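In the working numbering, the protein residues as written are 1425 to 1685. Just so you know, even glycine gets a beta-carbon here, dropped at the ideal spot from N, CA and C. No experiment lies behind these values; they were computed from the predicted model shown. Structure record follows, encoded as structure tokens.
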Amino acid sequence: MTSLTADQIRERVAELGDWFHNIDLNGVRTAPDHFLNDYPNVKWKRFEHAVPKDLTGRTVLDIGCNGGFYSIEMKRRGADRVVAIDFDDRYLAQAKFAAEVTGQEIEFHRMSVYDVAALAESFDVVLFMGVLYHLRHPLLALDLIHDHVARDLMIFQSMQRGSAEVAPVRSDYDFFEQDHFDDPGYPKLHFIEHEYARDWTNWWAPNAACAEAMLRSAGFAITEHPEREVYVCRRVDRPTEAGAVYPAQPKEDAVKKGTEG
């Protein structure tokens, strides 16, 4: 645990900029005026029962750890090792400080979800919370998680918009059948071209049916739906051969010729 005083913690919290995770750091709240109230604790309280209370002997990967709330909770449940990744330097700095103050040993890496193969290991529990809708290539991210880092359990959460209904979907439709596309409960992934909630990184907003369908398509069987946006999944075989793609990197000389032409 840190020896910093409350005033020192408060000063450092302010220096690290705006926090999206409201974390209690020895009585100092990092985002006391959060527009979602005590977030993410208010959401965590609605699904914490679905996560094993004792993670002794298990490893955890927190993808898009933000301020570190969930990573800290996993360590508090006894996880042997927690690896937290994020692509945002500010969030990583916040998470490292939160881990320091709370006395939790967490391994941090600056890394995108698209780079998880570089970890070269799989984890007993993968947290993929509040990331999907910020990605330009969301299904690719799920495929990469499935192929490289998910060993068993995945806890998934995404912002959802549109209908909460999940309509039954047949395995195939005739080419001239179109009515099902207009069903509110048919899987829909809404694309956000500009901004949503003053955030240009909000690219996609699935409805409930789409979130569930994408998980199944990527090889994650939903075992529990403890909260409106949260799914507890197990890694299984994909229903089809489709999986992650690995685009070739352009050669440096080819890039130069392209910019000079």
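Residue i: first and last residue of the uninterrupted beta strand (DSSP E) it sits in
i: I1646; result: 1644-1651
i: P1630; result: 1628-1630
i: A1523; result: Where A1523 is concerned, there is no enclosing beta strand (DSSP E), although the alpha helix (DSSP H) it sits in stretches over 1513-1526.
i: Q1581; result: 1574-1581
i: E1531; result: 1531-1534
i: V1550; result: 1547-1553
i: D1510; result: 1505-1510
i: C1657; result: 1654-1659
i: D1486; result: 1483-1487
i: F1615; result: 1613-1615
Same chain only: Cβ atoms within 6 Å of residue i, ignoring 5 sequence neighbours per side
i: E1531; result: V1507
i: V1654; result: F1471, Q1581
i: K1499; result: V1506, Q1528
i: F1493; result: H1445, I1447, P1464
i: A1632; result: Q1584, A1588, V1590
i: L1613; result: W1628, P1630, C1634
i: D1462; result: N1446
i: A1574; result: V1550, R1659
i: M1535; result: I1509
i: P1611; result: A1633, C1634, A1637
Chain-order list of residues whose beta-carbon lies under 8 Å from that of residue i (same chain, five-residue window excluded)
i: F1615; result: W1627, W1628
i: H1533; result: V1507, A1508, I1509, L1543
i: H1570; result: A1642, G1643, F1644, R1659, R1662, G1667, A1668
i: P1608; result: G1586, S1587, E1589, A1591, N1631
i: T1625; result: H1558
i: V1466; result: L1460
Buried or exposed by the 16-neighbour rule on C-beta atoms within 10 Å, applied to residue i
i: T1483; result: buried
i: A1621; result: exposed
i: G1527; result: exposed
i: A1469; result: In the sequence as displayed, the identity of residue 1469 is Lys instead of Ala. Exposed.
i: E1394; result: Since the first residue of the chain shown is 1425 and the last is 1685, residue 1394 is not available in this structure.
i: L1497; result: Before going further, note that residue 1497 is Glu rather than Leu in the sequence given. Buried, by the Cβ-count rule.
i: L1460; result: exposed
i: Q1602; result: exposed
i: A1438; result: exposed
i: A1565; result: buried
i: S1495; result: buried
Neighbour flag for residue i against chain C, beta carbons, 8 Å
i: I1530; result: Looking at the structure shown, chain C is missing, and only one protein chain is on hand.
Span of the alpha helix (DSSP H) around residue i
i: P1437; result: Looking at the sequence provided, one finds Val at residue 1437 rather than Pro. Looking at the DSSP string, the run of the alpha helix (DSSP H) that includes V1437 is 1430-1439.
i: I1496; result: 1493-1500
i: R1470; result: 1465-1471
Beta-carbon separation (whole angstroms), residue i vs residue j, contact threshold 8 Å
i: P1562; j: L1556; result: 5 Å
i: V1525; j: L1449; result: 4 Å
i: H1572; j: V1537; result: The Cβ separation is near 10 Å, so there is no contact.
i: D1478; j: R1501; result: 7 Å
Cutoff 7 Å; reference residue i; Cβ partners in own chain excluding five residues on either side
i: A1474; result: E1648, P1650, V1656
i: F1521; result: R1436, L1440
Requested in this report: Would you check if there are 3 or more beta carbon pairs closer than 8 Å linking the segment 1584-1597 to the segment 1543-1552?
Outcome: no
Query raised in the report: Are the segment 1661-1677 and the segment 1593-1606 in contact at 8 Å, needing three or more beta carbon pairs?
Result: no
**Report entry** the segment 1447-1457 / the segment 1549-1565 touching (three or more Cβ pairs under 8 Å)
**Finding:** no
Requested in this report: Flag this pair as touching only if the segment 1638-1655 and the segment 1566-1586 have three or more C-beta atom pairs under 8 Å; answer yes or no.
Outcome: Contact holds between the segment 1638-1655 and the segment 1566-1586, because three or more Cβ pairs, one in each stretch, are under 8 Å apart.
Query raised in the report: Counting pairs of beta carbons, one from the segment 1508-1518 and one from the segment 1486-1495, are three or more of them closer than 8 Å?
Result: By the Cβ test, the segment 1508-1518 is in contact with the segment 1486-1495, since at least three Cβ pairs between them sit closer than 8 Å.
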